[in-house]
Amino acid sequence: MSQAAEDITRKSRAFHEKFRDRELDDYLKSLSRKIEDADTLYHHFGHLLKHVRATVAHPVRSKHLQGAIETAERCLKRFETERS
Numbered sequence: 005m006s007q008a009a010e011d012i013t014r015k016s017r018a019f020h021e022k023f024r025d026r027e028l029d030d031y032l033k034s035l036s037r038k039i040e041d042a043d044t045l046y047h048h049f050g051h052l053l054k055h056v057r058a059t060v061a062h063p064v065r066s067k068h069l070q071g072a073i074e075t076a077e078r079c080l081k082r083f084e085t086e087r088s
């Protein structure tokens with residue numbers, strides 16, 4: 005579980021004890037699930053990118069594939085800086 009999801013889960017429990025608001029509980033749980041899903045997608049996207057780079061030699065990559073790889077690398081780098 006990511007740190008953000010753990011924080012939301014912990015705070016959700018504290019809010020539940022204090023307010024007993026079912027709607028707030030459901031919202032925080034759905035938010036936590038979305039964060040976990042985003043973390044999973046980030047993880048799998050990184051692995052997919054690694055395998056694409058490893059299996060398709062640079063000289064035979066089409067311009068479109070090379071552009072997609074470069075865009076994906078920038079995207080992952082941006083997310084890595086936002087996560088830290």
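Numbering (the working numbering), first residue to last: 5 to 88. Quick reminder that beta carbons are idealized off the backbone N, C-alpha and C, glycines included.
Looking at the backbone, the Cα of E10 and that of G71 are separated by about 36 angstroms. Distance from the CA of V64 to the CA of R78, rounded to the nearest whole angstrom, comes to 21 angstroms.
Spatial neighbours of V60 in its own chain (CB-CB distance under 8 angstroms, excluding positions within 5 residues in sequence) are listed in chain order as L69. Closest by C-alpha distance to R87, out of R37, Y46, E27, K33, is Y46. Between S16 and L32, the CB-CB gap stays under 7 angstroms.
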